[in-house]
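Just below is one structure, and these are the notes that go with it.
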Amino acid sequence: MMNNTESESTSSDAPSSSSITILTSKSNDEAISKEQHFSKTIRDQFFTNISKNEKNWSATCLICNEIVFDNVSVTSNVNRHRSSPPSKQSYPADHRRQRPLHDAIVQELIIELGLPLSLVERPEFIKFMSIVDPKFKTTSRRTLTRSTIPLLYNKMHDLLKEFCSRAEYISLTLDIWTDRRTRSFFSITGHAIIDTEFKSYVLCFLPLQGSHTSEKLFEYYDLLINEFQIKNKLCRIVTDNASHNIKAFENLIIPGFESYFSDDDNDNDTNDDLSENHDNGSDMSGDDCYDNPATSNSMPMQDTLNIIKDSFDNLSSKSELRIPCFAHTLQLVIKNGLEEAICIKQAIYKVSKIAKLAHSSTTFADKLETIGGSIPKPNKTRWNSQLHAVQKILEIQSTQLNSILTELKKRIYV
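Under my numbering, think of the first position of the sequence shown as 120, with each following residue one higher.
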């Protein structure tokens with residue numbers, strides 16, 4: 120009995136032990152199945168457009184629309200992307216929000232406003248853009264220099280070629296520019312009428328290094344007309360006036376405004392009379408350095424303009440191919456006409472004295488500001504700047520202006 124009982128007990132224990140083992144294995148399988156199902160549910164919850172191939176699979180995040188890639192056997196990238204806060208995620212390069220902001224920064228700020236490329240790496244700008252859109256990813260200066268700007272240049276170059284190919288006739292304007300550091304640049308602007316609409320585009324803006332020889336200028340010119348294939352389309356080439364007018368071009372001053380640009384006058388807060396002051400050349404500073412040839416090498420500029428005239432006079436057998444700048448010629452006529460108007464010349468003389476006082480005396484400038492007045496700075500080569508100075512002074516009430524001049528003991532009355 121005892122043996123049978125023990126035998127039965129033993130035999131009954133064996134199946135029990137075996138049953139437990141089977142149940143444990145089944146529980147593990149169910150857990151694995153549930154885990155797989157749970158992971159799949161999370162993936163489907165946060166991602167869409169799931170696609171697979173032999174080695175990789177990809178899906179689009181439903182939160183930020185970013186496409187996430189991962190290996191078939193792992194999900195680390197997906198889990199990392201899912202666990203990162205949405206505020207720290209960035210738009211992909213081709214996102215419908217990223218692209219317009221990026222293009223606006225390049226087109227409007229860097230190109231249109233002329234801001235430096237380093238702007239995109241300034242902490243203040245990055246902080247500003249994070250307020251505009253926290254998910255926007257600022258493009259680096261390196262990318263702008265090596266990729267963005269060259270692509271835009273090539274695109275614009277293709278558009279210029281299309282402009283030249285569509286034009287039946289083209290006129291060119293040639294000019295020399297000098298910056299603050301006396302570096303010279305040679306520009307060619309194309310003008311044409313396309314579909315009854317007048318259009319003008321800068322075809323080139325090239326630095327001039329070394330002496331400005333006719334061979335070098337011709338080389339630039341030849342390269343341009345051959346590149347754009349416009350040699351047989353040219354009808355006019357506009358340059359500065361002939362050599363005997365170049366000096367007048369550099370010092371084209373409205374009669375009566377000579378005292379503003381003279382070097383023997385200077386106005387400060389301690390002198391009582393404008394006519395007794397001495398100028399230290401203050402009118403040659405600031406932004407006018409861009410426009411005033413006196414701040415750069417005036418003789419090389421004259422030589423260059425002479426070379427342009429002599430060179431392009433020989434471009435064609437037609438003597439009328441090169442024509443002088445009409446605006447410059449018109450200004451010469453105005454200057455000569457005002458020379459004979461003695462009464463007007465005296466009035467402009469007073470205006471020039473007041474304008475010079477405004478740009479040399481901080482006290483006078485401050486008092487003008489209190490009555491809402493301001494006088495733009497005249498420039499020798501920007502002829503309208505002298506006219507604008509006259510207009511602004513006429514806008515100031517004569518009683519207020521005379522009161523300020525009397526208070527400062529300046530013997531100028533209007």
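Quick reminder that beta carbons are idealized off the backbone N, C-alpha and C, glycines included.
Please state if the CB of residue j and the CB of residue i are separated by a distance shorter than 8 Å.
i: Asn175; j: Asp189; result: yes
i: Thr308; j: Leu291; result: yes
i: Ala178; j: Val191; result: no
i: Thr264; j: Val239; result: no
i: Ala113; j: Pro497; result: As shown, the chain starts at 120 and ends at 533. That puts residue 113 outside it, with no answer to give.
i: Glu185; j: Gln208; result: yes
i: Leu327; j: Phe304; result: yes
i: Ile494; j: Ala474; result: yes
i: Ile289; j: Leu343; result: no
i: Thr482; j: Leu527; result: yes
i: Lys464; j: Ile523; result: no
Given this structure, state the Cα-to-Cα distance separating residue i from residue j, to the nearest angstrom.
i: Lys145; j: Val197; result: At Lys145, the pLDDT of 47 sits below 50, so the modelled position is not reliable; the number obtained from the coordinates is stated separately. So the alpha carbons of these two residues sit roughly 30 Å apart.
i: Lys256; j: Tyr320; result: 33 Å
i: Ile356; j: Ile313; result: 18 Å
i: Ser306; j: Thr448; result: 20 Å
i: Tyr210; j: Leu234; result: 25 Å
i: His276; j: Thr267; result: 14 Å
i: Leu232; j: Asp252; result: 22 Å
i: Val452; j: Phe445; result: 11 Å
i: Asn521; j: Ser249; result: 53 Å
i: Gln516; j: Ile245; result: 47 Å
i: Arg260; j: Val225; result: 11 Å
i: Phe347; j: Ser284; result: 8 Å
i: Ser435; j: Tyr340; result: Low per-residue confidence applies at Ser435: pLDDT is 45, beneath 50, and the placement is therefore not dependable enough to give any value.
i: Lys530; j: Lys469; result: Here the sequence assigns Arg to residue 530, which means Lys is not the residue at that position. Whole-angstrom Cα-Cα distance: 10 Å.
i: Tyr272; j: Glu514; result: 45 Å
i: Ile230; j: Leu325; result: 17 Å
i: Gly456; j: Gln450; result: 10 Å
i: Leu336; j: His478; result: 39 Å
i: Ser237; j: His221; result: 15 Å
i: Ser170; j: Pro219; result: 28 Å
i: Asn466; j: Ser480; result: The question names Asn, but residue 466 is Ala in the sequence shown. Going from the Cα of Ala466 to the Cα of Ser480 covers about 21 Å.
i: His214; j: Ala223; result: 14 Å
i: His200; j: Leu181; result: 11 Å
i: Phe80; j: Arg216; result: For the chain, the structure presents residues 120 to 533; residue 80 sits outside this window and is missing.
Taking the beta strand (DSSP E) that residue i belongs to, which residues open and close that run?
i: Pro242; result: From DSSP, Pro242 is part of no beta strand (DSSP E) but of the alpha helix (DSSP H) over 242-251.
i: His310; result: 303-313
i: Pro326; result: 316-327
i: Arg216; result: Taken as a continuous stretch (DSSP letters only), Arg216 belongs to no beta strand (DSSP E), as it is neither H nor E.
i: Asn175; result: 175-180
i: Asn498; result: Segment: none, Asn498 is in no beta strand (DSSP E) and carries neither H nor E.
Assuming residue i is part of the alpha helix (DSSP H), what are its boundary residues?
i: Arg285; result: 268-285
i: Ile461; result: 461-477
i: Ile453; result: 445-458
i: Asp485; result: 481-489
i: Thr518; result: 517-526
Who does residue i pair with in a DSSP beta bridge?
i: Asp189; result: Trp176
i: Leu238; result: Paired residues: none, contrary to the question.
i: Leu506; result: According to DSSP, Leu506 bridges with nothing at all.
i: Ser170; result: Ser177
i: Arg441; result: Ile356
i: Asp294; result: Ser306
i: Ile289; result: Leu353
Count the CB pairs spanning the segment 263-281 and the segment 291-300 that are closer than 8 Å, and state whether there are at least three. Verdict: no, contact absent.
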